[in-house]
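The sequence shown begins at -8 in my numbering and counts up by one.
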Amino acid sequence: MSRMTPVEMARTVGGGLLSFPVTHFDAAGQFTETAYREHCDWMLQYPLAGLFAAGGTGEFFSLLPAEVDAVVRAAVAETAGRTPVIAGCGHGTAMAVQMAQAAEAAGADGLLLLPPYLMFPGQDGLAAHVEAVCKATSLGVIVYNRDNAILTDETLAGLCDRNPNLVGFKDGVGDIELMMRVYARMGDRLTYVGGLPTAETFAPAYLEMGVTTYSSAIFNFVPEFALDFYTAVRARDHETIMAGLRDFVLPYIALRNRGRGYAVSIVKAGMTAIGRTAGPVRTPLVDLSAAELGELKALIARVHPAAPKLAANG
């Protein structure tokens, strides 16, 4: 059972940078709990507002329900109350409900509801999907607004009226007008999370729309840089933000954009680059080429030149 109410979870998550750890696989593609827990512990050396287990960066879409449960339980055990654990759930409504209830039984503090599988439902269907998950659990729910699960501000307002435990809105669309409509309508009723790929790019603009935090995939392998950049965003330190974008974030995005599905693959490559490999990605994703990995290592050296050496010694 969670030690936090939904509102407490949401406020905590909104107060700092969020960690979305990769899920560790061995050479055969099987989850390796020990390595995953070691990585969570390593990340928790740094100040984090929340750890999202089996999220998009954690390859939720390729995990069996039993594996999602195993990942969430490993995260709960390793964090041991040091930060909230938010569990991924999704796919069809029945499966999402089952995953939500399993996460609550595992001791998670909240849920990230990812889009349903394949279909492009209308607003009524989406609302029924979100509401079914909210009513199946006492945990706080953060809905991930992206792809085939884009809620209007009107739909979201109705869901919030009926479901007190719907406490978070993660934006993965990049529609500024929609984001402003949601924020203007809902205000501090929700905690807002930036969820676009490489969210650092959008963080300065989104802060003006109430988005106080974001999911930092790069925290997996350059945590000091990720935290420094987040601090600069919250301080509206334009000079530091622009330097970080020029030196690392924008070149990183250019490398990421070379391959479809690289948004996850490049994070695992970053782990390999610093000597803390998390294994391969699962198909249908593919890993970066050896040449691309070399480019990523050189890029990481710009902002954290000691990372490979430190990892090898530690």
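By construction, the Cβ of each residue, glycine as well, lies at the ideal position given by its N, Cα and C atoms.
What's the C-alpha gap between residue i and residue j?
i                : j                 : result
glycine 149      : alanine 226       : 34 Å
arginine 2       : leucine 181       : 9 Å
valine 59        : alanine 292       : 33 Å
leucine 9        : leucine 54        : 21 Å
aspartate 278    : aspartate 152     : 43 Å
leucine 117      : leucine 103       : 15 Å
histidine 120    : phenylalanine 160 : 15 Å
leucine 285      : threonine 189     : The amino acid at residue 285 is misidentified as leucine; the sequence shows glycine. Answer to the nearest angstrom: the Cα atoms are 20 Å apart.
valine 314       : serine 206        : The structure shown does not extend to residue 314, since the chain is modelled only from -8 to 305, so the question has no answer here.
phenylalanine 43 : phenylalanine 11  : 5 Å
threonine 321    : aspartate 144     : Lying outside -8 to 305, the shown extent of the chain, residue 321 is not represented and no answer is given.
Any heavy atom of the ligand HEM closer than 8 Å to the CB of residue i?
i          : result
proline 38 : Of the ligands one can find in the structure shown there are none, so the ligand HEM has no counterpart to examine.
If we call anything under 9 Å between Cβ atoms a contact, is residue i one with residue j?
i              : j           : result
glycine 79     : alanine 45  : yes
glycine 185    : valine 158  : no
threonine -4   : glycine 131 : yes
asparagine 139 : leucine 109 : yes
alanine 245    : alanine 208 : no
In chain order, what residues of the same chain have a beta carbon less than 6 Å from the beta carbon of residue i, not counting five sequence neighbours either side?
i              : result
methionine 200 : Met170, Met171 and Tyr174
alanine 87     : Cys80, Gly81 and Val124
alanine 306    : Since the first and last residues shown for the chain are -8 and 305, residue 306 lies out of range.
glycine 235    : Phe220
leucine 35     : Arg73
Output the boundary residues of the beta strand (DSSP E) element that contains residue i.
i             : result
threonine 182 : 182 to 185
glycine 79    : 76 to 80
Skipping 5 residues on each side, what residues in its chain have a beta carbon closer than 8 Å to that of residue i?
i             : result
leucine 218   : Leu8, Tyr37, Pro38 and Phe210
serine 256    : Gly250, Val272, Leu276, Val277, Asp278 and Leu279
histidine 307 : This structure gives no information on residue 307, because the portion of the chain shown stretches from -8 to 305.
valine 4      : Ala40, Gly41, Pro75, Ile77, Gly101, Ile133, Gly159, Thr182, Val184 and Thr204
leucine 308   : The chain is shown from -8 up to 305; residue 308 falls before or after that span and cannot be answered.
Using a Cβ cut-off of 9 Å (strictly closer), state whether residue i contacts chain D.
i             : result
tryptophan 33 : Absent here is chain D; the protein component of the structure consists of one chain.
Assuming the contact rule is C-beta atoms closer than 8 Å, residue i and residue j should be a hit. Round their C-beta distance to whole Å, please.
i              : j                 : result
isoleucine 265 : phenylalanine 212 : 5 Å
tyrosine 135   : proline 106       : 7 Å
leucine 287    : glycine 261       : 6 Å
At what residues does the alpha helix (DSSP H) containing residue i begin and finish?
i             : result
aspartate 144 : 144 to 153
alanine 194   : 194 to 198
threonine 222 : 214 to 225
Using C-beta distances below 7 Å, list every residue in its chain close to residue i, excluding the 5 sequence neighbours before and after it, in chain order.
i             : result
proline 242   : Leu290
aspartate 17  : Thr23 and Gly270
alanine 194   : Gly185, Tyr205 and Val224
threonine 231 : Ala223
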